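Note sheet for the following structure.
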Amino acid sequence: MEDFGSTQFFQVDTDSSSVKEILHEVCDAMNDKGYNPVNQIVGYIMSGDPTYVTSHMGARSKIMKLERDEIVEEMLNEYIKNNHWNVEQ
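Here you go:
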């Protein structure tokens, strides 16, 4: 039987600056091709299918260098920061 009384800890050790840089480059490539980067990246994160990301400007190979949980963590950290929520990390 599972213990639902305890909180699991999940920690990703990643270089935030490289994740930001890759996401910026991927978004630029998708915008350049006329795609909605949010929709496409969500599709990639949810499915794991890299064809949601264009190969234009090497975007597909760049995003595949990241783990999907690294992408989610970076985007959530930025969202929290931009909304001025107080969250201890």
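Using our numbering, you'd call the opening residue of the sequence shown number 17 and step up by one each time.
Quick reminder that beta carbons are idealized off the backbone N, C-alpha and C, glycines included.
Treat the numbers as computed from the prediction; the structure is a model and nothing was measured.
key: Rounded distance between the beta-carbons of Val42 and Pro53, thought under 8 angstroms   = On the sequence shown, residue 53 is found 37 positions in, with the first residue counted as 1. On the sequence shown, residue 42 is found 26 positions in, with the first residue counted as 1. That pair is a contact at about 7 angstroms.
request  = Return the chain-ordered list of same chain residues with a C-beta closer than 8 angstroms to the C-beta of Gly50, the five sequence neighbours on each side being excluded.
outcome  = Start at 1 with the first residue of the sequence shown, and residue 50 comes out as number 34. Counting only Cβ-Cβ distances below 8 angstroms, and skipping sequence neighbours, we find nothing.
Three-way DSSP call (helix, strand, coil) for Met80 in this model = Within the sequence shown, the letter at position 64 stands for residue 80. DSSP, reduced to helix, strand and coil, places Met80 outside both helices and strands of the structure shown, so it counts as coil.
ask   = Pick from Met80, Asn55, Thr70, Ala75: whose alpha carbon is nearest that of Gly64?
value = Numbered from its first residue, the sequence shown carries residue 64 at position 48. The shortest Cα separation from Gly64 among Met80, Asn55, Thr70, Ala75 belongs to Met80.
ask   = Are the Cβ atoms of Tyr68 and Gly74 separated by less than 8 angstroms?
value = The residue labelled residue 68 in the question sits at position 52 within the sequence shown. The residue labelled residue 74 in the question sits at position 58 within the sequence shown. Taking 8 angstroms as the Cβ cut-off, Tyr68 and Gly74 do not qualify as a contacting pair.
key: Met62 - containing alpha helix (DSSP H), residue span   = As a position in the sequence shown, residue 62 is number 46, starting the count at 1. Start and end: 53 to 63.
task = Indicate the three-state DSSP secondary structure (helix, strand or coil) for Val88 in the structure shown.
result = Numbered from 1 along the sequence shown, position 72 holds the residue referred to as residue 88. Helix at Val88.
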